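To start, the structure itself, in structure tokens.
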Amino acid sequence: MLKRIWRGWTTPANADAYEELLRSTIFPGIKDRAIPGFVAIELLRRPLDTEVEFVTMMTFTDDNAVINFAGPSKEAVVPPAARKLLSRYETHAAQYELRIG
19 MLKRIWRGWT TPANADAYEE LLRSTIFPGI KDRAIPGFVA IELLRRPLDT
69 EVEFVTMMTF TDDNAVINFA GPSKEAVVPP AARKLLSRYE THAAQYELRI
119 G
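Quick note, the sequence shown lines up with residues 19 to 119 if you use the numbering used here.
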């Protein structure tokens, strides 16, 4: 199993709108793609001093599943609607092997 972890940040004013976009549109859209090897997606959120940090953790069965989602370069997948609400974001996601879990 692989975990793909990505971070993005919003202003406090955009945080709720960004979370709602993920909840109502982006996450369901990912699930609707029925990507072979995609297992789950999770969202973490924490307030910082002047911004709000979001972390997405996606679970895949293998590297081919990640490529089916993100393409061969495995860059971050950030839809235009999300980019409008984010103040900054990582251009690449980190990928880890799940060793215990």
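Every residue gets a Cβ at the ideal spot worked out from N, C-alpha and C, and that includes glycine.
From a predicted model like this one, the values you see are computed outputs, not experimental measurements.
(message) Excluding the 5 residues flanking F72 on each side, which residues of the same chain have their C-beta closer than 6 Å to its C-beta?
(response) G26 and R63
(message) Among the candidates G119, A111 and P98, whose CA atom is the shortest distance from the CA of L39?
(response) P98
(message) Nearest by alpha-carbon distance to M19: which of A58, T109, R106 and G89 is it?
(response) A58
(message) Among G119, F87 and Y107, whose alpha-carbon lies nearest the alpha-carbon of I53?
(response) Selected option, being the one with the closest Cα: F87.
(message) Taking its Cβ as the centre, do 16 or more other Cβ atoms sit within 10 Å of L103, making it buried, or is it exposed?
(response) By the neighbour-count definition (other C-beta atoms within 10 Å, threshold 16), L103 is a buried residue.
(message) Within 10 Å of its beta-carbon, does Y36 have 16 or more other beta-carbons around it, so buried, or fewer, so exposed?
(response) buried
(request) Please determine, among P46, D34, V84 and T29, the residue with the shortest C-alpha to C-alpha distance to F56. (result) Looking at the Cα atoms, V84 is the closest of the given residues.
(message) With a threshold of 8 Å on Cβ separation, who are the neighbours of A112 within its own chain once the five nearest residues in sequence on each side are excluded?
(response) R22, I23 and W24
(request) Classify E115 as helix, strand or coil using the three-state DSSP reduction. (result) strand
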